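Each residue of the sequence shown is one higher than the one before, starting from 2 at the first, in the working numbering. The C-beta atom is built at its ideal place from N, Cα and C for all residues, glycine as well. This one's a predicted model, so the numbers in the text were calculated from it and none came from an experiment. This report refers to the structure that appears directly beneath it.
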Amino acid sequence: METLYITHPACRLHEMGAWHPESPQRLDAVADQLVASGLMDFLSQQQARPATPDDVLRVHTPEYLAFLRQHAPAHGYFPVDPDTIMNPETLQAAWAAAGAGLTALDEILAGRAQTAFCAIRPPGHHARPGQALGFCFFNNIAVAARYALDRHGLQRIAIVDFDVHHGNGTEEAFLNEDRVMMCSFYQYPLFPNTRQDHPGANMINIPVDAYSDGKVVRDLAMQHWLPALRRFQPELILVSAGFDAHREDDMGSLKLVEADYAWITERLVEVADEFAQGRIVSFLEGGYDLSALGRSVVAHVRALGGY
2 METLYITHPA CRLHEMGAWH PESPQRLDAV ADQLVASGLM DFLSQQQARP
52 ATPDDVLRVH TPEYLAFLRQ HAPAHGYFPV DPDTIMNPET LQAAWAAAGA
102 GLTALDEILA GRAQTAFCAI RPPGHHARPG QALGFCFFNN IAVAARYALD
152 RHGLQRIAIV DFDVHHGNGT EEAFLNEDRV MMCSFYQYPL FPNTRQDHPG
202 ANMINIPVDA YSDGKVVRDL AMQHWLPALR RFQPELILVS AGFDAHREDD
252 MGSLKLVEAD YAWITERLVE VADEFAQGRI VSFLEGGYDL SALGRSVVAH
302 VRALGGY
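Below is the structure:
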């Protein structure tokens, strides 16, 4: 089956100022590299259906949603914090980004596809139930996981996060939720500077030192992630696909390259094929060097779809 490529025009409308690294040009870089590689011709392109308040409220609090609506600016900007800023189109983009995973799940769980890549922004894995943080407003992957649990009746969902930053919002959303296992690595210390040495039996979230390379990440995946995933036997794998651990991305100090993202993805495909009928949905998170981002997404999507 073709891999789904899901995005929405509104995701380009959100911007936080010309200086901000989380820019609409990130989506252009992804699409341009997929086209240049020839891979886009093999993807089934679909437009996301925006999430509804009920979808988002499975993860976020009513008070937080009211806060975002109250402070959405009619013009100009509203800074939720110095790095996380709303413009007049931010909420429209956030609804679309949160809905991309739901669109993918409906297609995949109906048997019309096996894998999907959601080219979306704003990203999501830092968003806490009651707080925007780290460029993130709605926790897109958490919204999708709750939808798969509550609407589709799945019982075992794995979330794998390979962004350079700790997916603190996702961890908080599913801490001690025995139907969800989360596996990640993240550079520490680094934003958001959250670390739990014993985060819960369902959390395989491993801090790594600055300047760690792909061998370090592959070793921890082989020693920790993959055995835990095989014990868990997920029915679905969701991926927080951040590419800012790339050695060319100055948002962090890790040293991954495209081949590392391909290797991680290939191992997840093996687990999905073994336990989850091949079902994987991937969500764009970080990645701010535009060239490295585009090349890394090509490697990831090629491995995701077996192209």
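Quick one: Cα of A277 to Cα of A174, how far? CA-CA distance, A277 to A174, rounds to 22 Å.
CA-to-CA distance, A73 to V57, given in whole angstroms: The C-alpha of V57 lies about 17 Å from the C-alpha of A73.
My output table needs one value for R129: the three-state DSSP class, helix, strand or coil. Of the three classes helix, strand and coil, the one that applies to R129 here is strand, per DSSP.
Roughly how many angstroms separate the alpha carbons of G201 and N177, rounded to a whole number? Those two C-alpha atoms are separated by around 6 Å.
By DSSP's criteria, L237 is part of a beta bridge. Which residues make up the other side? For L237, DSSP records a beta bridge to I158.
Collapsed DSSP secondary structure at V282 in the structure displayed: Under the three-state reduction of DSSP output, V282 falls in the strand class.
Helix, strand or coil at P208 [DSSP, three-state]: In the structure shown, P208 sits in a strand (DSSP, three-state: E or B).
Does DSSP classify F79 as helix, strand or coil? F79 falls in the strand class under three-state DSSP.
For D245 and V217, the rounded distance between their alpha carbons: CA-CA distance, V217 to D245, rounds to 16 Å.
Three Cβ pairs or more, each shorter than 8 Å: is that satisfied between the stretch 257 to 264 and the stretch 98 to 111? Judged by Cβ distances under 8 Å, the stretch 257 to 264 makes no contact with the stretch 98 to 111, as fewer than three pairs qualify.
Run through DSSP, which three-state label would H247 get? Looking at H247 - three-state DSSP - the assignment turns out to be strand.
Does the stretch 108 to 122 come close enough to the stretch 4 to 12 that 3 or more CB-CB pairs lie under 8 Å? Three or more Cβ pairs drawn from the stretch 4 to 12 and the stretch 108 to 122 lie within less than 8 Å of each other, which places the two stretches in contact.
By the three-class DSSP mapping on this structure, what secondary structure does Y65 have? Secondary structure of Y65 (DSSP, three-state): helix.
For M1, write down the residues that DSSP places opposite it in a beta bridge. For residue 1 there is no data in the structure shown, the boundaries of the chain being 2 and 308.
For G153, collect the residues of the same chain with a Cβ closer than 6 Å to its Cβ; drop the 5 residues on either side in sequence, then sort them by chain order. First, the amino acid is wrong: residue 153 is His here, not Gly. For H153, where only same-chain residues beyond five positions count, the Cβ hits under 6 Å are L110.
From the DSSP output, in three-state form, read off D164 for me. Coil at D164, not helix or strand.
Nearest-angstrom Cα distance between Q197 and A19? A direct Cα-Cα distance of roughly 35 Å separates Q197 from A19.
Delimiting residues of the alpha helix (DSSP H) encompassing Q26: For Q26, the enclosing alpha helix (DSSP H) stretches over residues 26 to 38.
Looking at the secondary structure, which residues open and close the alpha helix (DSSP H) in which Y262 lies? For Y262, the enclosing alpha helix (DSSP H) covers residues 259 to 276.
Taking only the alpha-carbon atoms, compute the straight-line gap between P63 and Q132 and give it to the nearest angstrom. C-alpha separation (whole angstroms): 11 Å.
Given T53 as reference, the closest of P190, A304, Y148 once Cα atoms are compared: Looking at the Cα atoms, Y148 is the closest of the given residues.
Three-state secondary structure (DSSP) of I121: Three-state result, I121: coil.
Secondary structure of A99, DSSP reduced to three states: It is helical.
What residue range does the alpha helix (DSSP H) around L5 cover? For L5, no alpha helix (DSSP H) encloses it; the enclosing beta strand (DSSP E) starts and ends at 5 to 8.
Output the distance between the C-alpha atoms of L69 and P89, rounded to the nearest integer angstrom. Cα to Cα, the separation comes out at about 11 Å.
Would you say the stretch 230 to 245 touches the stretch 179 to 194, given that touching needs at least three Cβ pairs under 8 Å? Because the criterion of three Cβ pairs below 8 Å is met, the stretch 230 to 245 and the stretch 179 to 194 touch.
In chain order, what residues of the same chain have a beta carbon less than 6 Å from the beta carbon of G168, not counting five sequence neighbours either side? Beyond the five residues adjoining it in sequence on each side, G168 comes within less than 6 Å, by CB distance, of H126, D162, S185, S241 in the same chain, given in chain order.
Pull up the distance between the alpha-carbon of A273 and that of H76, whole angstroms please. CA-to-CA, the gap between A273 and H76 works out to about 45 Å.
Please report the Cβ distance between Y289 and M252, rounded to the nearest whole angstrom; I am assuming they are in contact, meaning their Cβ atoms lie under 8 Å. Confirmed, Cβ separation roughly 5 Å.
Starting from V181, trace the beta strand (DSSP E) both ways and give me its first and last residue. Under the DSSP assignment, V181 falls in the beta strand (DSSP E) whose first and last residues are 181 to 188.
Taking contact to mean 3 or more Cβ pairs, one atom from each stretch, closer than 8 Å, check whether the stretch 24 to 37 and the stretch 137 to 148 are in contact. Not touching, per the Cβ criterion.
By Cβ distance below 7 Å, which residues in the same chain neighbour Q234 in space, the five residues on each side in sequence not counted? Non-local C-beta neighbours of Q234 in its own chain, meaning closer than 7 Å and more than five positions away in sequence, comprise R157, F276, ordered along the chain.
Start-to-end residues for the beta strand (DSSP E) that takes in S254: For S254, there is no enclosing beta strand (DSSP E), since its DSSP letter is neither H nor E.
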